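Colleague: Next up is a structure, given as structure tokens.
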Ligand SMILES: Cc1cc2nc3c(=O)[nH]c(=O)nc-3n(C[C@H](O)[C@H](O)[C@H](O)COP(=O)(O)OP(=O)(O)OC[C@H]3O[C@@H](n4cnc5c(N)ncnc54)[C@H](O)[C@@H]3O)c2cc1C
């Protein structure tokens, strides 16, 4: 069976959930081969095998990890050349999409970003994407080369399918041109103890309506084991970090449950949460556009409503 | 220093969408504008020019109406504009777009800094800057939420979802900026008047030496098989809090097994 390359998304060997989702999608197309760039492979091995990776190509060179995007694209291009995969799957992260873009040009292949579903067609691959702020759903295909697809986190349900994994250390050559943008400093984001926004099953977000007090939003989130998000208005006001912004210019999320508190529901915000399975809003304005799309809404003051809800849930 | 800012003319995000029989976006009846995300790139270029000595050229590709994106940038303060307008580019995907823009940047020549927004507000793929760097063989320094240019070196902060990175490269380079980087200015009355006299050149694919067969819908390496409006979400239950709103919310969440 033909190979499908999957670029492993990991932090020092801790495999992120997106990787298990991509491996699940890859199995529909062919035999998954994980491409592991960086250090920590031993920690990742079991998870990769459990989700069906048959091979792992390990790329450990610091030349790849110390420079932005370009060397990873070169490394993948060399693997594409060698394995002629049915498709290459990458995470829809900043790096993932940019590596995909460069890889597509290097290998003369079509590139499809932000896939929420990936399916085989005879001899090819079809993906579903949500476009125009989530108002439309498009089915797209690549007509050239080995399709390069970036997969949106939390869109495909990961399923285990244990495999025997054979790993191989791959030496790649990195050109001078690919080593021109140096990463001179890297600081890990502060750990909040909450799930990562893009991977969380539940997201609770606060907006301008919090007036800068995210306390009730956080307490409510913690009662549900949720990640905390924010609208751009809340981020621009300096109340919450930009990395928590949900929307067009922030993170795009698709959790099982999305709770919007004190958020009006502007199109740019909707673009980042419209594909959530269940949507709940708390807003004191009954005319707020966010209510048009909710499964359940409370017209009221978020401070009262969230605290009472949190107390009721913790009490029961 | 020579700065080229790549900008895109996009349909207004608030307008209704429809599609042509070939699944491309219907653009005729829709109001368009300079992509808001590109305003940050124009602003950053102007700030660099004001702090030192730089000439800012805005570059766009698109139909006749796309001239509006160039115009707005000139009104903000850019010095000159280039509009690539050619029937053959309609329906171009990211791969073809980067091909055309790279050819234009080559033709302009002597460019020190290529600036772009973080993505377009309509396509939102965010891959063109990386593709441009790939094609031009220049360092890619993208998603800058902070940017400084010092002598021949550009340095940015890039905030990813697990780490924040400082990235450095020598000029010339391709740099994309996020909406965190600055607050774009509004064109002043003086700026609007001055823009009328600024030079704008219109180039065709032939001017760039790009073969029409390499671009446009026919040459795209991807196709849209079908496109459908998602069924509008139907509104569920809305309760008004009269003292028991939080309890009602808790009950809903419990009934759906979220709590
Ligand atoms: C290019 C571009 C990109 C953008 N990208 C994003 C993006 O990625 N993400 C994003 O979110 N926005 C984005 N925006 C901004 C977007 O247009 C809105 O301005 C923003 O989402 C508004 O945030 P908000 O809903 O918190 O604030 P508002 O629209 O001011 O809404 C606040 C809401 O809180 C309610 N409220 C007030 N007090 C209370 C209370 N005590 N209890 C309950 N409810 C209360 C009000 O009724 C109101 O509905 C972008 C805009 C542009 C132009």
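Residue numbers (this note's numbering), protein chains in the order written: chain D, 295 to 610; chain Z, 1045 to 1303. By construction, the Cβ of each residue, glycine as well, lies at the ideal position given by its N, Cα and C atoms. Values in this document were obtained by computation on a predicted structure and should not be read as measured data.
Residue 1048(Z) bridges to which residues according to DSSP?
Modeller: As a first step, residue 1048(Z) must be located in the second chain, where it is residue number 4. Answer is 1101(Z), 1158(Z).
Colleague: For residue 1233(Z), is the classification buried or exposed, using 16 other Cβ atoms within 10 angstroms of its Cβ as the cut-off for buried?
Modeller: Here residue 1233(Z) corresponds to residue number 189 of the second chain, with the count starting at 1. So residue 1233(Z) ends up on the exposed side.
Colleague: Check this for me: beta carbons of residue 1105(Z) and residue 1144(Z), under 8 Å apart or not?
Modeller: Position 61 of the second chain holds residue 1105(Z). Position 100 of the second chain holds residue 1144(Z). Closer than 8 Å, so yes.
Colleague: Give me the Cα-Cα distance between residue 383(D) and residue 349(D), rounded to the nearest whole angstrom.
Modeller: Walking along the first chain from the start, residue 383(D) turns up at place 89. Walking along the first chain from the start, residue 349(D) turns up at place 55. Using only the alpha carbons, I get a separation of about 15 Å.
Colleague: To the nearest angstrom, how far is it from the Cα of residue 342(D) to the Cα of residue 321(D)?
Modeller: Counting from one through the first chain, the residue named residue 342(D) turns up at place 48. Counting from one through the first chain, the residue named residue 321(D) turns up at place 27. The straight-line gap from Cα to Cα measures roughly 12 Å.
Colleague: Is it right to say residue 621(D) is buried, meaning 16 or more other beta carbons lie within 10 angstroms of its own, or is it exposed?
Modeller: Summary: the structure shown does not reach residue 621(D), with chain D confined to residues 295 through 610, and so no result is reported for it.
Colleague: Are the segment 1157-1176 of chain Z and the segment 1201-1212 of chain Z in contact at 8 Å, needing three or more beta carbon pairs?
Modeller: With the cut-off at 8 Å, the segment 1157-1176 of chain Z and the segment 1201-1212 of chain Z do not touch.
Colleague: Measure the Cβ-Cβ separation of residue 1222(Z) and residue 1189(Z) and say whether it is below 8 Å.
Modeller: Taking the first residue of the second chain as position 1, residue 1222(Z) is located at position 178. Taking the first residue of the second chain as position 1, residue 1189(Z) is located at position 145. Contact flag set, yes.
Colleague: Is residue 393(D) a contact residue of ligand 1, with contact defined as CB to any heavy atom under 7 Å?
Modeller: The residue given as residue 393(D) occupies position 99 in the first chain. Not so, every heavy atom of ligand 1 lies at least 7 Å from the Cβ.
Colleague: By alpha-carbon positions, which one of 493(D), 524(D), 491(D) ends up nearest to residue 506(D)?
Modeller: Working through the first chain from its first residue, we reach residue 506(D) at position 212. Per the Cα distances, 524(D).
Colleague: Between the segment 532-549 of chain D and chain Z, which residues of the former have a C-beta closer than 8 Å to a C-beta of the latter?
Modeller: Within the segment 532-549 of chain D, the residues whose Cβ lies closer than 8 Å to some Cβ of chain Z are 536, 537, 542, 543, 545, listed in chain order.
Colleague: May I have the straight-line CA-CA distance separating residue 478(D) from residue 367(D), to the nearest angstrom?
Modeller: As a position in the first chain, residue 478(D) is number 184, starting the count at 1. As a position in the first chain, residue 367(D) is number 73, starting the count at 1. Using only the alpha carbons, I get a separation of about 19 Å.
Colleague: Starting from the C-beta of residue 472(D), find all residues in its chain whose C-beta is less than 7 Å away, skip the five residues before and the five after it, and write them out in chain order.
Modeller: Start at 1 with the first residue of the first chain, and residue 472(D) comes out as number 178. Once the five neighbours on either side are set aside, the close Cβ partners of residue 472(D) are 361, 364, 365, 368.
Colleague: Residues in the segment 1078-1108 of chain Z with C-beta within 8 Å of chain D's C-beta atoms, listed in sequence order?
Modeller: Residues 1081.
Colleague: 8 Å is my cut-off, CB to CB: does residue 398(D) come that close to chain Z?
Modeller: Start at 1 with the first residue of the first chain, and residue 398(D) comes out as number 104. Yes, residue 398(D) lies at the interface with chain Z (some Cβ there is under 8 Å from its Cβ).
Colleague: Shorter than 8 Å from the beta carbon of residue 589(D) to some beta carbon of chain Z?
Modeller: Numbered from 1 along the first chain, position 295 holds the residue referred to as residue 589(D). Interface residue, yes.
Colleague: Using the beta-carbon of each residue, which ones in chain D are nearer than 7 Å to residue 1170(Z)?
Modeller: In the second chain, the residue the question calls residue 1170(Z) occupies position 126. Under the 7 Å cutoff, chain D gives 391.
Colleague: Taking the beta strand (DSSP E) that residue 497(D) falls in, what are its first and last residues?
Modeller: Within the first chain, numbered from 1, the residue matching residue 497(D) stands at position 203. From DSSP, the beta strand (DSSP E) with residue 497(D) extends over 496-500.
Colleague: Please list, in chain order, all residues of the same chain as residue 371(D) whose beta carbon is under 7 Å from its beta carbon, the five residues on each side excluded.
Modeller: Numbered from its first residue, the first chain carries residue 371(D) at position 77. 397, 400, 401, listed in sequence order.
Colleague: Are the C-beta atoms of residue 1179(Z) and some chain D residue less than 8 Å apart?
Modeller: The sequence position of residue 1179(Z) within the second chain is 135, counting from 1. Yes - at least one Cβ of chain D is within 8 Å of the one on residue 1179(Z).
Colleague: One question on the structure: do residue 1127(Z) and residue 1146(Z) come within less than 8 Å of each other, judged by their Cβ atoms?
Modeller: By 1-based counting over the second chain, the position of residue 1127(Z) is 83. By 1-based counting over the second chain, the position of residue 1146(Z) is 102. For residue 1127(Z) and residue 1146(Z), no; Cβs fall outside 8 Å.
Colleague: Helix, strand or coil: which one does DSSP assign to residue 1084(Z)?
Modeller: To locate residue 1084(Z), count along the second chain from 1; it is residue 40. Note: residue 1084(Z) maps to helix in three-state DSSP.
Colleague: Buried or exposed, going by whether 16 or more other CB atoms sit within 10 Å of the CB of residue 390(D)?
Modeller: Working through the first chain from its first residue, we reach residue 390(D) at position 96. Per the 10 Å Cβ criterion, buried.
Colleague: Sort 1124(Z), 1064(Z), 1108(Z), 1251(Z) by Cα distance to residue 1086(Z) and report the nearest one.
Modeller: Walking along the second chain from the start, residue 1086(Z) turns up at place 42. Out of 1124(Z), 1064(Z), 1108(Z), 1251(Z), 1124(Z) has the C-alpha closest to the C-alpha of residue 1086(Z).
Colleague: When Cβ atoms are compared, which residues of the segment 1246-1266 of chain Z fall closer than 7 Å to chain D?
Modeller: Per Cβ criterion, the list reads 1265, 1266.
Colleague: How about residue 1205(Z) and residue 451(D): do their beta carbons lie closer than 8 Å?
Modeller: Residue 1205(Z) sits at position 161 when you count from the first residue of the second chain. Residue 451(D) sits at position 157 when you count from the first residue of the first chain. Cβ distance not < 8 Å, so residue 1205(Z) and residue 451(D) don't count as in contact.
Colleague: DSSP on residue 1133(Z), reduced to helix/strand/coil?
Modeller: Taking the first residue of the second chain as position 1, residue 1133(Z) is located at position 89. Three-state DSSP puts residue 1133(Z) in a helix.
Colleague: State the DSSP-derived secondary structure class of residue 427(D), mapped to helix, strand or coil.
Modeller: Working through the first chain from its first residue, we reach residue 427(D) at position 133. Residue 427(D): coil per DSSP, three-state reduction.
Colleague: Taking DSSP as the reference, what is the three-state secondary structure of residue 1189(Z)?
Modeller: If you number the second chain from 1, residue 1189(Z) lands on position 145. Correct three-state label for residue 1189(Z): strand.
Colleague: Do the segment 324-338 of chain D and the segment 429-447 of chain D touch if we need at least three Cβ pairs shorter than 8 Å?
Modeller: With the cut-off at 8 Å, the segment 324-338 of chain D and the segment 429-447 of chain D do not touch.
Colleague: Going by beta-carbon coordinates alone, are residue 432(D) and residue 1268(Z) separated by less than 8 Å?
Modeller: In the first chain, the residue the question calls residue 432(D) occupies position 138. In the second chain, the residue the question calls residue 1268(Z) occupies position 224. Result yes, Cβ atoms of residue 432(D) and residue 1268(Z) sit closer than 8 Å.
Colleague: DSSP on residue 357(D), reduced to helix/strand/coil?
Modeller: Within the first chain, residue 357(D) is the residue found at index 63, counting from 1. Helix at residue 357(D).
Colleague: In the DSSP output, what is residue 320(D) paired with across the bridge?
Modeller: The residue labelled residue 320(D) in the question sits at position 26 within the first chain. DSSP, once it has assigned bridges, lists no residue as partnering residue 320(D).
Colleague: Smallest Cα separation from residue 586(D): which of 564(D), 374(D), 496(D), 498(D)?
Modeller: On the first chain, residue 586(D) is found 292 positions in, with the first residue counted as 1. Cα-wise, what sits closest to residue 586(D) is 564(D).
Colleague: What does DSSP give as the partner residue(s) for residue 1228(Z) in the beta ladder?
Modeller: In the second chain, counting from the first residue as 1, residue 1228(Z) sits at position 184. None, per the DSSP bridge assignment.
Colleague: Got a sec, what are the start and stop residues for the alpha helix (DSSP H) residue 1113(Z) sits in?
Modeller: As a first step, residue 1113(Z) is located in the second chain; it is residue number 69 there, counting from the start. 1111-1120 is the span of the alpha helix (DSSP H), which, as asked, contains residue 1113(Z).
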